[in-house]
Amino acid sequence: MKGPLLLRLGVSTWVTALVALPLAVLIVRGLEGGPAAFLEAVGGQGVRDALWLSVWTAALATLINAVVGTAIAWVLVRWDVPGRRFIAALVDLPLAIPTLVAGMLILAMLGPQTPIGAALSASGAAIAFARPGIVLALVFVTLPFVVRAVEPVLEELDPAEEEAATTLGANSRTTFLRVLLPPVLPAIAAGGVQTFARSIAEFGSLAVVSGNIPHKTLVAPVYILGEVEAGNTAGAASVSLVLLALALVLQPLAGLLARKAGGGRV
Amino acid sequence: MSLAALLLLACSETAPVESASAETAPAARTRTLTVAAFTTPREAYGKTIMPAFAEQWKAKTGETVVFEASYQGSGAQARAVREGLKADVVALSLEPDITVLEEAGLITHDWKAGAGEGMVTRSLAVIAVRPGNPKGMADWSDLSRADVDVLTPNVRTSGGAMWNVLAIWGAGTRGFSGVTAGDEQATIDLLRGVLARVTVMDKGARESIVNFEKGVGDAAITYENEVLVAKASGKQMDYVVPPSTILIENPVAVVDTYAKANGNEDLARAFVAFLQTPEAQAAYAQYGLRPVDESQAPVGLPQPTDLFTIEDLGGWGAMKTRVFDKGGAYDHAVPTGR
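So the protein sequences, as listed, match chains D and V. Note that the first sequence covers residues 10 to 275 in my numbering. Note that the second sequence covers residues 711 to 1048 in my numbering.
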């Protein structure tokens, strides 16, 4: 089995060089000033506000896409809705357009100069240049992850199980919660982790949509850009490390959640 | 010295032969001059100054000059050059970005020695307003009014945004905009009031004014040239010059290390010298910048009561420490409330 061995070696070298090496550099750069410098870089009010904003908007976007994404996947798999293929193709589009453009599109529709945007900001519920805009951009940019994770699992499910549950007297809610949801949960969790990780790292759309006001609408990746531009690369690396750690911690957490729910591995 | 340089420029036929004494005069060849610039003077360079210089150089030496020009934010540009973008000449928004290259050992000569003291263009920090100034903006303090939404770029990402903050800082500490001269605390309060009204802090000055053009905000802190360029291209906006504001000065320098390595020292020096000529100065003025050569300044531009420079505030070093460093006045002025 010489071929597969070479292949395995090649693959592990590739992944190491492509991902592990840059991450190692990031870790070294983020920690090179010692713990005191690291804490100073990530401990200020400005950073903490930016990190917290990134985390909660990402969490909210993940929650929304976990629910909506699952529903979309379910509809696409189970029902022959008109224009199904068209909708399926649309779902993937957010990954294909530069997120900067996604941000510009949101502004073009909901910016203060548009009728909707003007009405919204007059009523004190502005979306553009405000926190709802951040969540909206994240929901848009990460739309495909949960849908694409859940879809294949739903396709594998035997509709007969649902029918059996219904025949045995379960109402649609019970059928959903006891029959449909458990096998799908790991997929939702997996898609959710992707969504969250992508959301806390999202830059392009948020730089345009959020307004970038420190303590209010400045998210961590845009804060990091500020540190880079100000020549503080070590500080930027430190904050990036925090984001990375969050994503890494979340991975096993989601797995645990899925197992508890009775599903398989993430 | 500069007279001698001018004479050399004038005696174009003999100059290259003298400088390349042992070598034979170069046959007509093509040389590439790499210029790394901030975005504002892009049109002035690309459409007017570079073609004019190339033409003059060709007439003088027979060599064809091809420009490779890169335009991006001043800070990003300085970093790119430091990290290895081998530019022969840098044209940046503010002096600290040149300092970055001096500290990296890339600019080794006294770049402030020549005409204009290293500066090629000027502008003023001003308040861009909607046509006809419907909100009646007149001074920096008006930007803190509750009925005004303000745009200014982020000082961390936009070197140019520092000019905006320094304009307000200077106005306050020099006794304008409702502040008693020398009262730094009141100046911080003035700045906080303005920052509290900022709805969008864009990455750079250009993005900020583009957002303003699109209809965001009632006022934007920007540079006079940005407004003049926008107006020239048919955009609807006006601007107000506050009673006290800062004179923005943009430096240009030869990057010694790279120019030497590229064999372009003579060409780079000649280009930088060309930027001080009336021809180049007039081109800058055509694109809304104020020339350092006063004789080329367009007539009728508004003058503030109190126009100050960064030197009047104590220089960039002092202002970085006092205003922009961590724990400085800017940090204190950023509103932390929700």
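A virtual CB, placed ideally from N, CA and C, is assigned to each residue, including glycine.
_Integer-rounded CB distance, given that V858 (chain V) should sit under 8 Å from I878 (chain V)_ = Contact doesn't hold; Cβ gap of about 14 Å is too wide.
_I need the straight-line Cα distance from M947 (chain V) to G842 (chain V), nearest angstrom please._
8 Å
*Would you say L266 (chain D) reaches chain V, if we count a Cβ-Cβ gap shorter than 8 Å as a contact?*
no
*asked:* Using the three-state DSSP reduction, which class does V830 (chain V) fall into: helix, strand or coil?
replied: strand
*Rank D:G142, D:I106 and D:G78 by C-alpha distance to the C-alpha of G120 (chain D) and give the top, closest one.*
D:G142
*For the region 178-208 of chain D, which residues have a beta carbon sitting closer than 9 Å to at least one beta carbon of chain V?*
none
*asked:* Can you look up T798 (chain V) in the DSSP assignment and give me helix, strand or coil?
replied: Reading off the sequence shown, one finds Asp at residue 798 (chain V), where the question assumed Thr. Coil.
_Ranges of the alpha helix (DSSP H) found wholly within the region 822-881 of chain V, counting only runs of at least 4_ = none
_Beta-bridge pairing of D948 (chain V) - partner residues as DSSP gives them_ = V:V839
*Among D:E165, D:L194, D:A245 and D:F154, nearest to A206 (chain D) - alpha-carbon criterion*: D:F154
*Go ahead and label L1011 (chain V) buried or exposed: buried means 16 or more other beta carbons lie within 10 angstroms of its beta carbon, across all protein chains shown.*
exposed
*Do the region 844-863 of chain V and the region 940-958 of chain V meet, that is, are 3 or more Cβ pairs less than 8 Å apart?*
yes
*Can you say whether E211 (chain D) is buried or exposed, counting buried as having 16 or more other CB atoms within 10 angstroms of its CB?*
buried
*Determine the DSSP secondary structure at R739 (chain V), reduced to helix, strand or coil.*
coil
*What is the rounded straight-line gap between the Cα of P7 (chain D) and the Cα of L18 (chain D)?*
Nothing can be reported for residue 7 (chain D), as the shown portion of chain D is limited to 10 through 275.
_Candidates D:V20, D:V86 and D:N221, of which the one nearest T867 (chain V) by Cα_ = D:N221
*How would you write the range of the beta strand (DSSP E) that T1019 (chain V) sits in, first residue to last?*
No beta strand (DSSP E) contains T1019 (chain V), which DSSP labels as neither H nor E.
*A877 (chain V): contacting residues in chain D (beta-carbon distance under 7 Å)*: The contacting residues do not exist; A877 (chain V) stays about 20 Å from chain D at best.
*asked:* Counting only Cβ pairs nearer than 7 Å, list the residues of chain V close to G235 (chain D).
replied: N864, R866 and T867
*Could you have a look at S780 (chain V) and say whether DSSP puts it in helix, strand or coil?*
strand
*Would the beta-carbon of G244 (chain D) fall within 8 Å of that of A50 (chain D)?*
yes
*asked:* Across the region 84-96 of chain D and the region 186-201 of chain D, are there enough close Cβ pairs to call them in contact, namely three or more that are closer than 8 Å?
replied: no
*Near T108 (chain D), which residues of its chain fall below 6 Å by C-beta distance, leaving aside the five closest residues on each side in sequence?*
V150, G213 and S214
_Simplified DSSP assignment, three categories, for Y933 (chain V)_ = strand
*Determine the DSSP secondary structure at T774 (chain V), reduced to helix, strand or coil.*
strand
*State the DSSP-derived secondary structure class of A746 (chain V), mapped to helix, strand or coil.*
strand
*Using only alpha-carbon positions, find the residue among V:I837, V:D798 and V:G869 that is nearest to E238 (chain D).*
V:G869
*Given S887 (chain V), which residues of its chain have a CB within under 8 Å of its CB, disregarding the five upstream and five downstream residues?*
D849, W850, S851, I878, A881, L900, P952, P953 and S954
_Inter-residue spacing [alpha-carbon to alpha-carbon] between R840 (chain V) and A942 (chain V)_ = 15 Å
*DSSP puts V908 (chain V) in a beta bridge; with which residues?*
V:V860
*To the nearest angstrom, how far is it from the Cα of G914 (chain V) to the Cα of E172 (chain D)?*
59 Å
*Whose C-beta lies closer than 8 Å to the C-beta of A995 (chain V) among residues of the same chain, with five residues either side of it excluded?*
P1001, Q1006, A1007 and P1008
*V776 (chain V) versus V:A762, V:R789, V:V964 and V:W873, residue with shortest Cα-Cα distance*: V:A762
_Does V800 (chain V) pass the burial test, meaning 16 or more other C-beta atoms within 10 Å, or should it be called exposed?_
buried
*asked:* If we define contact as Cβ-Cβ less than 8 Å, is I222 (chain D) a contact residue for chain V?
replied: yes
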